[in-house]
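S.K.: This is the structure I want to talk about, given as structure tokens.
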């Protein structure tokens with residue numbers, strides 16, 4: 032039916048009315064008596080085996096000829112990745128976790144047809160063991176405000192009609208047919224939206240300076256080079272709702288007067304690339320992209336460019352160099368890229384999350400948007416809440432929520448009754464925030480005050496078993512490997528910092544090391560060429576600031592209090608507790624553990640490589656780590 | 015009437031009237047007037063004695079690059095209310111700005127950069143001299159054995175002045191180096207043997223070889239090895 | 002392996018692959034700014050970037066060889082060396098790091114005498130590490146030939162790798 036309407040319309044939509052007619056047809060076509068079953072098809076759930084579950088559903092639906100009864104779809108990321116594969120059923124949204132292909136016949140027979148709940152597939156509250164049936168009742172979702180991510184779990188990202196049915200492209204139609212570019216920019220400026228890629232610059236002001244910049248050719252760019260280790264909101268949006276990003280880009284292009292856009296996406300995100308490609312093709316097919324969009328006379332094309340694998344290319348000038356087919360080295364930005372960007376033309380670069388906010392603001396208005404968030408930071412922010420946390424996954428919250436609410440209410444606290452130690456925000460150049468600041472409201476300015484930053488939305492929780500010196504070493508080693516090597520402070524400074532931190536974690540720290548590292552920090556802060564270099568020492572400086580005692584334990588006492596730094600720990604077996612079951616000996620890859628069955632075992636220290644496999648495998652807590 | 019220095023020795027007294035061809039600004043508490051369209055570093059090059067800015071990756075004949083960061087200065091564009099750190103070789107001289115070339119923070123930064131460079135290239139004379147000037151004695155870090163500071167002058171000279179691009183900066187980060195394609199020992203036809211790369215090198219890391227072509231700072235895997243792998247790989251991949 | 006093939010087959014294979022490369026490069030004639038995409042296409046065709054293709058790109062697209070080489074060595078995803086039949090990618094993103102990703106790299110190192118970026122002598126595996134694969138909730142994550150494995154313990158890793166010969 033939808034196809035027939037489109038044929039009547041000569042395929043391409045030519046005005047707002049035709050778009051609305053199409054939307055109505057899709058909605059009317061929908062048989063409300065069918066039960067919707069959606070399986071999360073994000074990379075996270077796929078990694079847990081979602082594809083097999085999807086296949087099982089198709090097979091079962093076909094076998095039982097249930098096509099008329101079930102509306103089955105493979106959607107984008109639902110966010111609760113740790114519980115994947117996730118299946119959500121019906122309008123009331125029954126939430127099943129860790130679903131296996133063999134559960135599928137039962138789900139169809141019991142839940143879909145008879146409306147009965149299968150209790151073993153429900154989420155159980157980690158503290159109370161209470162079973163929770165509906166998605167909206169899960170503590171993980173309860174405190175969230177899923178303005179951007181919500182649609183992800185409702186639609187099949189490879190089918191544009193589902194996006195249109197959910198209200199998609201109405202903002203585009205409103206913007207290009209009924210609003211002037213000035214009015215759009217004014218609306219975005221008034222909304223208080225700030226760039227979601229890390230900098231937090233006012234999006235409206237950026238658009239304005241690009242609009243007034245001289246030049247007949249301008250470019251609109253989408254930064255999907257999400258390189259922060261521990262953050263994946265951008266991937267999830269591009270995979271799960273690519274049209275929202277494209278719709279935002281078209282509106283931005285219309286506002287500044289651009290006809291060509293680029294999405295620069297990480298090569299490590301194959302599914303995001305595929306879905307963005309399908310979305311571009313479909314939008315072009317429907318006349319929502321390409322020439323004479325919705326009959327407005329406005330033309331806009333979008334091309335996808337895959338990154339070559341370099342963290343620094345998330346930096347705007349390096350991203351542009353890479354788009355031009357050059358080495359991804361940053362350049363000094365004394366002339367702003369809104370005047371001279373890609374091929375020296377005015378260019379508007381925004382992050383995936385920023386673009387996805389645009390349709391929302393145009394549809395609902397700046398007045399509505401400013402009601403969400405704090406004074407300085409409006410709207411919602413998407414974080415990936417990961418690490419040592421019970422409910423890990425992608426969360427979208429209004430700005431201003433406290434770190435404590437994020438960790439203990441949404442995240443459900445730390446697993447295994449362990450003690451919270453720090454939360455790392457802002458990616459590798461962010462900082463580690465300790466317990467005493469957990470009541471800080473999360474927004475651009477507050478995180479900066481604590482020596483960290485919003486970054487691209489990574490939030491990694493660490494518990495008492497994480498060594499903060501090791502974390503600092505990890506980030507510096509990461510950044511050392513990602514430094515482009517152009518400027519002296521970053522290239523040489525990070526390499527020396529890494530040298531010092533590796534020394535400290537090997538028990539060879541010197542008393543003067545802390546001061547030396549702080550000196551290097553200062554050199555990078557004021558001397559490095561790009562933002563990557565200038566913020567690169569944050570992980571060291573913030574851990575020295577909040578966890579100085581751990582550094583001192585490593586340097587002076589040659590001890591790693593968390594038991595992470597291998598050179599500083601020793602594993603042994605408590606003969607009192609050891610039952611001689613032999614599990615540890617089998618787990619040991621260097622055969623350092625020996626003993627007679629049912630009698631206490633011993634570890635040969637000379638052969639032990641301190642991998643911790645015995646510690647993890649022992650069910651009687653008989654392995655001691657010191 | 016304000017007094018402006020137009021060279022290190024000469025000053026003029028002029029009305030504060032707008033002049034599109036000139037830029038008036040303040041460097042280390044001296045008002046100066048220079049012709050428009052220059053960077054801060056370029057402008058001060060012509061005024062020895064005013065401002066004090068070292069640099070290693072700058073050459074007047076080659077487009078500035080901003081890699082060594084030694085030429086960093088503090089600049090204010092709001093009459094001294096706030097200052098920021100910029101590379102003077104890239105930053106345009108602007109009307110009314112205030113430039114500080116030798117503050118305590120700047121000296122500390124330069125000292126730090128020189129300490130890092132000296133650790134990389136302990137035997138290079140230019141760096142040793144700078145170290146002496148800025149009071150760097152012995153680096154607190156492990157020492158390397160490089161001659162090249164990766165300023166990129168050789169690469170830029172070959173590309174911009176000669177129009178050839180026989181060499182480039184390859185790899186990234188700490189593995190970055192100046193090399194010919196495939197780390198070839200000997201430069202190929204692309205190199206015309208002009209010697210410009212060696213001439214512009216601030217540390218003497220590139221010398222001219224007996225074959226009339228430059229010998230680059232370091233060489234790694236010869237092309238022969240990389241080339242030998244190609245046809246074999248073609249076979250194994252197409253068998254799939 | 003080479004000796005088992007007769008001369009004609011070798012010839013045919015070489016010609017076949019070289020026309021493929023040429024066709025690929027030709028398709029980029031009017032968009033030489035997309036050098037990175039071209040290198041990616043070549044890499045997905047051959048699993049690595051053969052040195053002679055860089056020379057061909059330089060000649061056909063009129064970009065100095067030194068600059069092509071510069072780009073090919075700058076980005077992490079390009080390999081100028083042949084790679085194994087299977088690529089193991091261990092994620093070392095922060096979330097995977099705090100959950101023990103490095104232990105998996107160490108284990109592969111011990112079991113197969115393999116460091117990140119290297120290929121085993123029998124060309125069975127190439128080991129790579131990634132900064133973040135964006136499956137942070139499921140760490141530690143390992144990807145073998147594009148297939149994601151979640152919450153990988155050293156034990157599970159053994160079982161997974163056995164499936165790839």
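Chains as they are written, first to last, in my numbering: chain A, 32 to 657; chain B, 15 to 254; chain C, 2 to 166.
For glycine and all other residues, C-beta sits at the position ideal for the given N, C-alpha and C.
1) 9 Å is my cut-off, CB to CB: does residue 107(B) come that close to chain A?
2) Helix, strand or coil: which one does DSSP assign to residue 45(A)?
3) Given a threshold of 16 other Cβ atoms within 10 Å of its Cβ, counted over all protein chains shown, does residue 259(A) qualify as buried or as exposed?
4) Could you work out which residues of chain C lie near residue 204(B), taking near to mean beta carbons separated by less than 8 Å?
5) Can you list, in chain order, the residues of its chain whose CB lies under 7 Å from that of residue 631(A), leaving out five sequence neighbours each side?
6) Quick one: which residues of the stretch 499–519 of chain A get their C-beta closer than 8 Å to a C-beta of chain B? List them in chain order.
7) What residue range is occupied by the uninterrupted beta strand (DSSP E) comprising residue 553(A)?
8) Using beta carbons (cut-off 9 Å, strictly below), is residue 147(C) in contact with chain B?
9) Can you list the alpha helix (DSSP H) stretches of 4 or more residues lying completely in the stretch 545–630 of chain A, in chain order?
10) Can you tell which of 466(A), 491(A), 456(A) and 460(A) has the C-alpha that lies nearest to the C-alpha of residue 474(A)?
11) State yes or no: is the beta carbon of residue 86(B) nearer than 9 Å to at least one beta carbon in chain A?
12) Smallest Cα separation from residue 343(A): which of 187(A), 331(A), 362(A) and 68(A)?
13) If the cut is a Cβ gap below 8 Å, which residues of chain B does residue 45(C) touch?
14) Under the assumption that residue 226(A) contacts residue 106(A) (Cβ atoms under 8 Å), give the Cβ distance between them as a whole number of angstroms.
15) Could you say which of 494(A), 433(A), 354(A) and 499(A) lies nearest to residue 33(C) if we only look at CA atoms?
16) I need the boundaries of the beta strand (DSSP E) containing residue 381(A), first residue and last residue.
17) Return the Cβ separation of residue 81(A) and residue 71(A) in integer angstroms, given the expectation that the two are a contact with Cβ distance under 8 Å.
18) Taking buried to mean at least 16 other C-beta atoms within 10 Å of its own C-beta, is residue 179(B) buried or exposed?
19) Kindly say whether residue 76(B), judged by its beta-carbon, lies nearer than 9 Å to any beta-carbon of chain C.
20) Which residues does DSSP list as the beta-bridge partners of residue 75(C)?
21) On the DSSP letters alone, give me the boundaries of the beta strand (DSSP E) that residue 104(A) sits inside.
22) Excluding five sequence neighbours on each side, which residues of the same chain lie with their C-beta closer than 7 Å to the C-beta of residue 659(A)?
23) Taking the beta carbon of residue 163(C) as the centre, do at least 16 other beta carbons fall within 10 Å, making it buried, or is it exposed?
24) Anything in the stretch 183–208 of chain B with a Cβ closer than 7 Å to a Cβ of chain A? List those residues in chain order, please.
25) Mind listing the chain C neighbours of residue 179(B)? Cutoff is C-beta to C-beta under 7 Å, in chain order.
26) In whole angstroms, what is the alpha-carbon distance linking residue 43(A) and residue 129(C)?
27) Taking 7 Å as the limit between beta carbons, can you name the residues of its chain near residue 273(A), skipping five residues before and five after?
28) Using C-beta distances below 8 Å, list every residue in its chain close to residue 49(B), excluding the 5 sequence neighbours before and after it, in chain order.
29) Thinking C-alpha only, which one of 81(C), 102(C), 140(C) and 124(C) is nearest residue 76(A)?
30) Is the shortest distance between the beta-carbon of residue 233(B) and the beta-carbons of chain C less than 9 Å?
31) May I have the straight-line CA-CA distance separating residue 65(A) from residue 426(A), to the nearest angstrom?
32) At the 9 Å Cβ level, is residue 143(A) part of the contact set with chain B, yes or no?
33) When you compare each of 509(A), 50(A) and 144(A) to residue 96(A) by their alpha carbons, which one comes out closest?
34) Would you mind telling me which residues of chain C sit closer than 8 Å to residue 642(A), beta carbon to beta carbon, in chain order?
35) So, is the C-beta of residue 74(C) closer than 9 Å to a C-beta in chain B?
36) Select from 135(B), 225(B), 170(B) and 184(B) the residue whose C-alpha is nearest the C-alpha of residue 77(B).
M.R.: On the basis of the supplied data:
1) By this cut-off, residue 107(B) is not an interface position.
2) Looking at residue 45(A) - three-state DSSP - the assignment turns out to be coil, as it is neither helix nor strand.
3) Its Cβ being crowded by 16 or more others within 10 Å, residue 259(A) is buried.
4) What residue 204(B) touches in chain C: 65, 66 and 67.
5) 604, 606, 609 and 611, listed in sequence order.
6) Residues passing the 8 Å Cβ filter: 511, 512, 513, 514, 515, 516, 517, 518 and 519.
7) Here residue 553(A) belongs to no beta strand (DSSP E); instead the alpha helix (DSSP H) covers 544–558.
8) Not flagged as an interface residue toward chain B: residue 147(C), since no C-beta distance is shorter than 9 Å.
9) Restricted to the stretch 545–630 of chain A, the alpha helix (DSSP H) segments that are unbroken, complete and at least 4 residues in length are 562–566, 569–577, 579–586 and 614–618, listed in chain order.
10) Closest option to residue 474(A), Cα to Cα, is 456(A).
11) Closer than 9 Å to some Cβ of chain A, the Cβ of residue 86(B) qualifies, so yes.
12) Here the closest residue by C-alpha is 362(A).
13) The CB of residue 45(C) never comes closer than 8 Å to any CB in chain B; the least such distance is about 11 Å.
14) Actually they are not in contact, since the Cβ atoms of residue 226(A) and residue 106(A) sit about 28 Å apart, beyond 8 Å.
15) Check the Cα spacing between residue 33(C) and each of 494(A), 433(A), 354(A) and 499(A): the tightest is with 354(A).
16) Residue 381(A) -> beta strand (DSSP E) spans 378–382.
17) Indeed, because the Cβ distance is near 6 Å, the residues count as touching under 8 Å.
18) Answer is buried; the Cβ neighbour count reaches 16.
19) Residue 76(B) has a beta carbon lying at 9 Å or more from every beta carbon in chain C.
20) None; residue 75(C) has no bridge partner.
21) Residues 101–106.
22) Limits of chain A in this structure are 32 at one end and 657 at the other, which puts residue 659(A) out of reach.
23) Exposed, by the Cβ-count rule.
24) Within the stretch 183–208 of chain B, the residues whose Cβ lies closer than 7 Å to some Cβ of chain A are 186, 187, 188 and 190, listed in chain order.
25) Chain-ordered, the chain C residues with CB closer than 7 Å to the CB of residue 179(B) read 65, 67 and 68.
26) Separation of residue 43(A) and residue 129(C) (C-alpha to C-alpha, rounded to the nearest whole angstrom) is 45 Å.
27) Cβ within range, chain order: 188, 306, 307 and 310.
28) Taking residue 49(B) as the centre and dropping the five residues before and after it, the same chain places the C-beta of 35, 36 and 37 closer than 8 Å to its C-beta, in chain order.
29) Comparing Cα positions, the closest option is 140(C).
30) Legend: pLDDT at residue 233(B) = 46, less than 50; position of this residue unreliable, no value from coordinates given.
31) So the two alpha carbons sit approximately 29 Å from each other.
32) Interface flag for residue 143(A) against chain B is unset, since no Cβ pair is found closer than 9 Å.
33) Put simply, of 509(A), 50(A) and 144(A) the residue whose alpha carbon is nearest the alpha carbon of residue 96(A) is 144(A).
34) Those are 104, 107, 108 and 155, listed as they occur along chain C.
35) At a cut-off of 9 Å, the C-beta of residue 74(C) has a neighbouring C-beta in chain B.
36) Taking only the C-alpha atoms, the option nearest residue 77(B) is 170(B).
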